[in-house]
Ligand SMILES: Cc1ncc(COP(=O)(O)O)c(C=O)c1O
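Numbering (the numbering used here), first residue to last: 15 to 377.
Have a look at this one:
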């Protein structure tokens, strides 16, 4: 019998009965949304688990970025990275701002802080780096530049739940961090996201924006919209949260399993983790050239294994959405990078098949 397909990721799911038990109390409460008890409980437990002061749970990570831009009342140019998911620039554009690309560091794959200042104009209002694959950005360098030029910093922390900097959550960096709880993420609510800030006033404002701009008396006091997470999604997050440490530990072990084999036996290169600790939620490998990547991808597809070209293409090349500006490092890396399957219930025997196929190709 053919092997079952192995995809780049699979959502972490709790035992169904643990989820349905939580749903039982949703049914009993009769509350499905509007910052109900499950959302409040999820936010509280997330704060304690991640060691952050607040967490505003929202519909998805894209909305979290939009809400961060809205809360900071930004209008103008936002310096961001071309090596990201389309949502990063989509959210900037949907908020009426203009993305300005800053190329990445070839080792960390994050925005290169050394290239930011040359891009600052009198229209620049913020910097929006991405902690790519959970790898912490050089937050100190970025925040020093922002301070020097009076700019806001929003981190697209979609991948970064569980990543740390100096042993503290990475999510408290920047004016606001926007994270994702999408099904593919380390912790998921199926669809979901959140905003984190150390600024209490901004936190209150984010809560109002999420709820049509209402204050506690239901007066409309902000230019808000509907960013509310539902009780059904929050319940899934709570059920998954019980397994958070186990998932994190498992991903880390698998990450190093791949890494040991591939570092010792291939000429592939890997993302450098230089500024803190990643959450090990992706395993990207970088080939010598695109041709070799395609050979490896085809060989894996032939045995029903589906890694993912991620991030590809480099966003500055999406000319139907942005004006093209050359970004040599991002364009080069995006053609040569492949994320290998990595998820909680992935079997080591399937990882061995991935590794073996890469060895067979002679990289
Ligand atoms: C870097 C990055 N930013 C933003 C998002 C958007 O998150 P969501 O899918 O929760 O809207 C994603 C989604 O995967 C992402 O990878």
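By construction, the Cβ of each residue, glycine as well, lies at the ideal position given by its N, Cα and C atoms. Everything numeric in this text was worked out from a predicted model, so none of it was measured.
- Scanning the segment 236 to 268 for uninterrupted alpha helix (DSSP H) segments of 4 residues or longer gives 245 to 255, listed from N- to C-terminal end.
- For a cut-off of 8 Å, the C-beta gap from residue 25 to residue 329 is around 25 Å, too long to register as a contact.
- Check the Cα spacing between residue 80 and each of 207, 199, 324: the tightest is with 207.
- Collapsing the DSSP output to three states places residue 44 in coil.
- Relative to ligand 1, residue 194 has its C-beta within less than 7 Å of a heavy atom.
- Each of 119, 104, 57 was checked against the Cα of residue 342, and the nearest Cα belongs to 119.
- Relative to ligand 1, even the nearest heavy atom lies 7 Å or more away from the CB of residue 124.
- Separation of the CB atoms of residue 293 and residue 176 is rounded to 4 Å, and the pair is thereby assigned contact status at 8 Å.
- Look at residue 151 here: in three-state DSSP terms it is coil, with no helix or strand label.
- A Cβ-Cβ contact shorter than 8 Å links residue 130 with residue 159.
- Shown here, residue 192 sits in a strand according to DSSP, grouped into three states.
- Per the coordinates, the alpha-carbon of residue 164 lies some 40 Å from the alpha-carbon of residue 250.
- Shown here, residue 22 sits in coil according to DSSP, grouped into three states, outside any helix or strand.
- For residue 352, the enclosing beta strand (DSSP E) stretches over residues 351 to 354.
- The distance from the Cβ of residue 377 to that of residue 314 is about 12 Å, inconsistent with a contact at the 8 Å cut-off.
- When the alpha-carbon of residue 178 is set against those of 193, 150, 48, the nearest one is in 150.
- Looking at the backbone, the Cα of residue 84 and that of residue 321 are separated by about 36 Å.
- Placement of the Cβ of residue 101 at a distance of less than 7 Å from at least one heavy atom of ligand 1 is found.
- Listed as beta-bridge partners of residue 367 by DSSP are no residues whatsoever.
- The beta carbon of residue 325 lies closer than 7 Å to those of 97, 98, 99, 348 in the same chain, with the five residues before and after it left out.
- The C-beta of residue 267 has fewer than 16 other C-beta atoms within 10 Å across all chains shown, which makes the residue exposed.
- Residue burial annotation: residue 162 is exposed, with fewer than 16 other C-beta atoms found within 10 angstroms of its C-beta.
- Distances from the CB of residue 170 to the heavy atoms of ligand 1 include at least one below 7 Å.
- For residue 308, there are no CB contacts under 8 Å within the same chain when 5 residues up- and downstream are skipped.
- Of the residues 148, 140, 196, 354, the one whose Cα lies closest to the Cα of residue 371 is 354.
- Note that the C-beta distance between residue 157 and residue 144 is not below 8 Å.
- For the pair of segments examined, the segment 19 to 34 was found not to touch the segment 221 to 238: the number of CB pairs separated by less than 8 Å stays below three.
- Excluding the 5 residues flanking it on each side, residue 374 has same chain C-beta neighbours closer than 8 Å at 313, in chain order.
- Across the structure, residue 258 and residue 361 are spaced so that their CA atoms are roughly 19 Å apart.
- Shown here for residue 219: same chain residues with a beta carbon closer than 6 Å to its own, the five before and five after excluded, namely 85 in chain order.
- Contact between residue 252 and residue 52 holds: their C-beta atoms lie close to 7 Å from each other, under 8 Å.
- Judged by the Cβ position, residue 98 qualifies as a neighbour of ligand 1 at the 7 Å threshold, a heavy atom of the ligand being closer than this.
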